[in-house]
Amino acid sequence: MTYIDYLNDFNRWLESGNLPGGSQLMYFKLLNVFNRAGWPEYVQVDNLRMMLMIGVESKQAVVRAREKLVETGFIEFQKGKKGSPNRYYLGKRSHNVTENVTKSVTVSVPVSVTENVTHNKTERKTKTNTPLPPQGETGFGNDLQEAFESWLSYKAEKRQAYKPTGLKSLITEIRNNAQKYGEAAVANLIRECMASNWTGIIFSRLKSGGTTQTTSEPPPRQYDAATGTWR
Numbered sequence: 001m002t003y004i005d006y007l008n009d010f011n012r013w014l015e016s017g018n019l020p021g022g023s024q025l026m027y028f029k030l031l032n033v034f035n036r037a038g039w040p041e042y043v044q045v046d047n048l049r050m051m052l053m054i055g056v057e058s059k060q061a062v063v064r065a066r067e068k069l070v071e072t073g074f075i076e077f078q079k080g081k082k083g084s085p086n087r088y089y090l091g092k093r094s095h096n097v098t099e100n101v102t103k104s105v106t107v108s109v110p111v112s113v114t115e116n117v118t119h120n121k122t123e124r125k126t127k128t129n130t131p132l133p134p135q136g137e138t139g140f141g142n143d144l145q146e147a148f149e150s151w152l153s154y155k156a157e158k159r160q161a162y163k164p165t166g167l168k169s170l171i172t173e174i175r176n177n178a179q180k181y182g183e184a185a186v187a188n189l190i191r192e193c194m195a196s197n198w199t200g201i202i203f204s205r206l207k208s209g210g211t212t213q214t215t216s217e218p219p220p221r222q223y224d225a226a227t228g229t230w231r
């Protein structure tokens, strides 16, 4: 399954099912970790790191969010032993082990999220010719940088990779909106657009504050001259 397959499966389930916001954010964050690591069999994330990833201040909040994902079958969880982070697996309902995943990864190895960002970037496998600008060039914070990189992978799987000029324009637009509305709002908007299977980031939703809920109905399509595609 591809990044888009996981997002579509999750979004379709949410149309009739219900998950707390913390559980939804945890799933999106885990998908990003798996994507950056090259889709290994599992990833390792300790509770403190997960607290930072989903923006909560207690381990109990992490446990509650995680339990909901386990109950619905989107993830499987194995508690880490002393000195070893917890293991997260993508659930069988959305991750039927397919040849597509195993063929796309040369070696399946456990990846710890506690490793530094530089090491993770060397292991990232993407299906795009668009170079990923490092965080030092974009100037984005960690959460926004993760959402931005997820968006580039998402667009690449749709065969809509950005050209250099379009990528530069996108970074500028994200940076301008982040300065105006805050990085958290822009990161949430990017994830909302991916979860809704939209082909573009609808920055106008920031003005109306419409980034708290997702919908299956996309806004009117617009022609993006930078990428040469409709969005």
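Residue numbers (my numbering): 1 to 231.
Virtual Cβ for every residue (Gly too), placed ideally from N, Cα, C.
Item                                                                                                                                                                       : Value
Alpha carbon to alpha carbon, how far is Gly83 from Glu76? Give it in angstroms, no decimals.                                                                              : 20 Å
Measuring straight from C-alpha to C-alpha, what distance separates Asp46 and Met53?                                                                                       : 11 Å
Report the start-end ranges of each beta strand (DSSP E) in the stretch 26 to 102 that is 3 residues or longer and not cut off at the edges.                               : 43 to 45, 75 to 78 and 86 to 90
How do the stretch 169 to 189 and the stretch 143 to 158 stand: do at least 3 beta-carbon pairs fall below 8 Å, yes or no?                                                 : yes
By how many angstroms is the C-alpha of Ser23 removed from the C-alpha of Lys68?                                                                                           : 7 Å
Extract the residue ranges of the alpha helix (DSSP H) inside the stretch 133 to 169, only unbroken runs of 4 or more that lie entirely within it.                         : 135 to 138 and 142 to 157
Quick check: the stretch 2 to 10 against the stretch 189 to 204, are at least 3 beta-carbon pairs closer than 8 Å?                                                         : yes
Within the same chain, show all residues whose beta-carbon is closer than 8 Å to that of Trp151, passing over the 5 residues directly before and after it, in chain order. : Ile190, Cys193, Met194 and Ile201
Rank Arg12, Gly38 and Met50 by C-alpha distance to the C-alpha of Lys29 and give the top, closest one.                                                                     : Met50
Roughly how many angstroms separate the alpha carbons of Glu157 and Asn18, rounded to a whole number?                                                                      : 27 Å
Exposed or buried, which one is Gln78 when buried takes at least 16 other CB atoms within 10 Å?                                                                            : exposed
Go ahead and pull the three-state DSSP assignment for Gly22.                                                                                                               : helix
Does the Cβ of Ser204 have 16 or more other Cβ atoms within 10 Å, making it buried, or fewer, making it exposed?                                                           : exposed
Can you give the Cα-Cα distance for Lys168 and Lys81, rounded to whole angstroms?                                                                                          : 44 Å
What are the start and end residues of the alpha helix (DSSP H) that includes Ile202?                                                                                      : Here Ile202 belongs to no alpha helix (DSSP H), and DSSP marks it neither H nor E.
Classify Asn86 as buried or exposed, calling it buried when 16 or more other Cβ atoms lie within 10 Å of its own Cβ.                                                       : buried
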